[in-house]
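A short worksheet on the structure shown next.
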Amino acid sequence: MHSNIFEAVIPAKSERKSFFKRVSGVLTVLLIAFTANASLANKSNESSFRPPSVPLIACDPYFSIWSPADELYGSATCHWTGTDHPLVSMVRIDGKTYRLMGNQPEAIDPAKQISLDVYPTRTVYTFQAGGAEIQLEFMQAALPDDIDLLSQPVVWLEWEAKSVDGKSHDISVYMDAGMDLAVHQNNQYVEWSKPDFDSLNVLKTGTQSQNVLARKGDNVRIDWGYFYMAAPKGQNPQSQISKAHKSRAYFAARGDLPGSMDKDMPRRVEEDAPVMAYKFDRKLKSGQSASCRMMLAYDDIKSVLYFGDELEAYWKKDGKTIEDVLARAAENFNQVKKRCKSFDKELMQDLKKAGGDDYVKIASLAYRQAFSANKVVADENGMPLMFSKENFSNGCMGTVDVFYPFAPQVLLLNPTLAKASFVPILEYGRSDRWKFPFAPHDVGTYPHAMGQVYGGGERSAENQMPVEECGNMILLTAAAVKAEGDVEFARKYWDILSSWAEYLKSKGLDPENQLCTDDFAGHLAHNVNLSMKAIVSLAAYADMADMMGEKARASLYRRTAQKYAKQWMEMADDGDHYRLAFDKPGTWSQKYNLVWDRILDLNLFPDSVARTEMEYYKNVQNKYGLPLDNRSKYTKLDWIFWTASITGSKKDFKDLIAPVRKFINETPDRVPMTDWYWTHNAEQRGFQARPVVGGVFIKLMDNKKVWNKWVENAGSVAGQWAPLPKPPKIEPVVEMSYDEPKMWYYTFDKPANENWYKPSFDPIEEGWSRGAAGFGTSGTPSAEVNTVWETPNIWITRKFHLDDIPEELELMIHHDEDATVYINGKMAAKLYGYTSSPGHYKIKEEAFDALKQGKNTMAIHCRQTTGGQYIDAGLAQVIEQD
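Residue 1155 in my numbering is what sits at position 729 of the sequence shown, and the numbering runs on without skipping anything.
In structure tokens:
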């Protein structure tokens, strides 16, 4: 759970201010209206619940749209990163138009919002205007017992109106979406169309370039694939694609849409690109209701790059297309809506019984957020793989200590999804690529699962989390085994789990100076909570060994865990509590890892340990929550819920989570729920929209009856997960500079000659410098710097010779950050973000065709924004292995 210690891409304070400025007007209005609107804005009302940001669309890290205001019309809707992804809705009642969603058009008065309810799978707003009550519901079939349905990137919007004045009304509903939803930045070119789907009225948009899976990183929006709006033709929709101001003005003034489609494309989004708009007309009779509905969807074509394989979303595994999914969704709307309501009701009842109203509200808000920071794809065998993304904590993918706190949500509701998160690390950890005796941290930078990028990566043990990740993987596997009552999953990976257990047996009791999941706090030796993780992991491993019939091994590890637990109590004892570090008297920390002693029935520590800690926590928690430890006033929301569960007492649980609800109600930071915040002033410390909030469901795992019920209802998937794809054989053709420096011409100033990337360009004549690659700054991960480059941009060019041109020839490049590569004057690749080691990429067809025997030219522009910087490139023959 990572800070910017290692060049993580966390939004700077200035960036957050720019985001908050966007809604500053809204906040001012709210402050003025503080006492006037008790139902929505009265922060002192303990029965109110005001999400910092409200989930509207929460499908995956790219298709994720939120409303950062109390009222749906109070601000533009936005992607979780804070970039505008505008959705606008209006309603026209008897000739007068009201705004429901979005802050445009400003001249249109909003309807009065009278309620907001956030359920696990639905968000429901209710408004009043013109003698009618209008309910707008966002429904996402995030049903854990149906992985195919859960993985589908489809969200329903339904408007339902009823008369509240005893009269009949003419009602028209308007909805539009900006083309911002299909770009990373609004200077990108988009195209649009009206595809012909049999039973649906459909609009579609996407970028002109369609660089599938080219972009990776943290603060990133998708710019490949296509965004769709679709309404069943039976709903009698009208649709059009036209400029935003024209479309909205037509409806506001006339209750209609413009008559012709804007065909001026491709066009940059920032150049007054059009919106895709729908309109529905209804007659609302007194005593009756009227409704209309439509879908928003996103087809990302390819979802992740998994060790060289381009994997598709799980819903595509049987050959389904987006047309198929939308048609089926339209056909099954009523059935799916009934299932969503039933699921929401049952889960919320369980939450209330376990932890009261606060628990219901917080967990319901967390549910879709947690799933929205994950992507479910199908492996080579059609089995689900689930990849988390570290949102605003460095963009890592499949991070162990991120899906560790997230896991309770899926361990509770469908262990298959939990195992789908574990498999990539288990396969990677046992592969030839991973050389260390401890578990990996991650599998790459989202959406490129090409190997660990955190800390020392695959190269060194520096800045790794050895005890942390070994413990996490053993505990999570043991939890999945317990949930299903079946040890076969663990048996498949017993070799690597045993290796990690042996590491913990050797290194876990008194951890060396190292990082743990809370790495923003820095390295810490003799970490008491980390030691506890190792101890409970050893006992969990022993239980699995016993289930497999390895009685001697089980006995050995069980005795070791028991011995360590007794030593832990002596070494950590600090009177009325237990320490932060064994060698630091007068310190304390949350012992959230102790929760596994209860959940897994390990019975290592006497109840007095949890009771002692809990009493101490109640005395030191602040207005907005229990700090993580004595070193700072910040906390982690997910860990508070784990810590609140260590005694099993409902009262203790409620006492510790009540300040968290207060934080959610009162934080000034209108972003999807952060998990890292200050407990004295409710301000965000960092991170947002992360999957770790799924950890709040751990309390339900403490009730074996409830846990068993959900597991029994979960849909399992038959089959075996595919092994890690074999890495290709790479034979250099044009060498990079790792073994021997290669000479390039370079400049830090933008070339005056616009033909700088063509073969005819003469860098000597233009006064370019000559130097050896790689170019960059020292300290950049894996960088072999031969020529220092410290400016925002660099342009480099070199000649190279080819005797022949292999069909498998690809670009080899180590770039930090964005790089545009040309071969013989043709664009060969446009790459985004950064890599921490050389990667290979397909050469665009036009550039590949420009290669020739003899002399060739390669030219690169690399752009730097933050952190380290580096560029070096070559060509290699990439031969796939069977």
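Ideal Cβ positions, reconstructed from N, Cα and C, are used throughout, including at glycine.
Would you kindly check if the distance between the Cβ of residue j and the Cβ of residue i is under 8 angstroms?
| i | j | result |
| --- | --- | --- |
| L710 | A716 | yes |
| G1200 | H1240 | yes |
| L561 | T552 | Inspection of the sequence shows that residue 561 is occupied by Gln rather than by Leu. Cβ atoms of Q561 and T552: closer than 8 angstroms. |
| P1154 | E1306 | yes |
| A568 | F797 | yes |
| E617 | M691 | yes |
| I534 | T523 | yes |
| T1061 | G1051 | yes |
| G557 | K593 | yes |
| M655 | L629 | yes |
| A1140 | D571 | yes |
| L1301 | M1253 | no |
| G651 | G632 | yes |
| A792 | G1120 | yes |
| P1158 | W1221 | no |
| I1025 | S963 | no |
| Y854 | A927 | no |
| I1231 | M1284 | no |
| L941 | N898 | no |
| G1251 | Y1183 | yes |
| G1259 | E1234 | no |
| V954 | P478 | no |
Taking the alpha helix (DSSP H) that residue i falls in, what are its first and last residues?
| i | result |
| --- | --- |
| G1089 | The question names Gly, but residue 1089 in the sequence shown is Phe. Here the alpha helix (DSSP H) through F1089 covers K1076 to E1092. |
| F915 | E914 to K918 |
| E736 | E736 -> not in any alpha helix (DSSP H); beta strand (DSSP E) instead, spanning D735 to L737. |
| S665 | Where S665 is concerned, there is no enclosing alpha helix (DSSP H), although the beta strand (DSSP E) it sits in stretches over Q664 to K669. |
| V1361 | With the chain covering only 427 through 1308, there is no way to say anything about residue 1361. |
| L575 | I573 to L576 |
Who are residue i's beta bridge partners in DSSP?
| i | result |
| --- | --- |
| V893 | In DSSP, V893 forms no bridge with anything. |
| V628 | A656 |
| I1297 | F1201 and H1241 |
| R694 | Y615 |
| F564 | T549 and L583 |
| H595 | L710 |
| R518 | T523 and S598 |
| E1180 | According to DSSP, E1180 bridges with nothing at all. |
| V1304 | I1156 |
| L1054 | Paired residues: none, contrary to the question. |
| Y1260 | D1242 |
By the DSSP assignment, the beta strand (DSSP E) with residue i in it spans what residues?
| i | result |
| --- | --- |
| M1169 | M1169 to T1173 |
| N397 | Past the boundaries of the shown model lies residue 397; the chain is included only from 427 to 1308, so the question cannot be answered. |
| H610 | No beta strand (DSSP E) holds H610; DSSP gives it neither H nor E. |
| W582 | V580 to S589 |
| D707 | P700 to L710 |
| T411 | In the structure as shown, the chain starts at 427 and stops at 1308, and residue 411 therefore has no counterpart that could be examined. |
| E749 | No beta strand (DSSP E) holds E749; the alpha helix (DSSP H) holding it covers I748 to E757. |
| Q539 | K538 to V544 |
| D725 | S715 to D725 |
| E1157 | K1155 to V1160 |
| M1284 | G1280 to R1289 |
| T523 | K522 to M527 |
| V730 | V730 to Y732 |
| A1254 | K1252 to L1257 |
| Y1267 | G1265 to Y1267 |
Which ranges would you report for the beta strand (DSSP E) in the segment 469 to 502 if only whole runs of at least 3 residues count? Within the segment 469 to 502, the complete beta strand (DSSP E) segments at least 3 residues long are 480 to 484 and 490 to 493, listed from N- to C-terminus.
At least 3 beta-carbon pairs within less than 8 angstroms: the segment 1074 to 1091 vs the segment 779 to 795: In short, these stretches touch, since the Cβ pair count reaches three.
Taking only runs of the alpha helix (DSSP H) that begin and end inside the segment 780 to 842, which ones reach a length of at least 4 residues, in chain order? 826 to 832 and 834 to 839
Say whether the segment 1038 to 1057 touches the segment 751 to 769, bearing in mind that this needs 3 or more beta-carbon pairs closer than 8 angstroms, one atom from each stretch. The answer is no - the segment 751 to 769 does not touch the segment 1038 to 1057, with fewer than three Cβ pairs under 8 angstroms.
Please give me, in chain order, every unbroken run of the alpha helix (DSSP H) with length at least 4 that falls completely inside the segment 1095 to 1151. 1124 to 1127 and 1130 to 1139
Do three or more CB pairs link the segment 662 to 681 to the segment 566 to 586 at distances below 8 angstroms? Verdict: no, contact absent.
Which runs of the beta strand (DSSP E), 3 residues or longer, sit entirely within the segment 926 to 998? Counting only runs of 3 or more, we get nothing.
Just checking, does the segment 1088 to 1096 make contact with the segment 1066 to 1080 on the three C-beta pairs under 8 angstroms criterion? no
Counting pairs of beta carbons, one from the segment 805 to 824 and one from the segment 868 to 879, are three or more of them closer than 8 angstroms? yes
Stretch-stretch touch, CB-based, cutoff 8 angstroms, three pairs: the segment 722 to 733 with the segment 530 to 545: They do not touch, by the three-pair rule.
Three Cβ pairs or more, each shorter than 8 angstroms: is that satisfied between the segment 1203 to 1214 and the segment 879 to 893? yes
Using 8 angstroms as the cut-off, can you tell me whether the segment 728 to 746 makes contact with the segment 697 to 706, which would need three or more C-beta pairs spanning the two stretches below that distance? The segment 728 to 746 is not in contact with the segment 697 to 706.
Using 8 angstroms as the cut-off, can you tell me whether the segment 483 to 493 makes contact with the segment 1099 to 1113, which would need three or more C-beta pairs spanning the two stretches below that distance? Result no; under three Cβ-Cβ pairs closer than 8 angstroms.
Any contact of the segment 1020 to 1034 with the segment 980 to 994, i.e. 3+ C-beta pairs under 8 angstroms? yes
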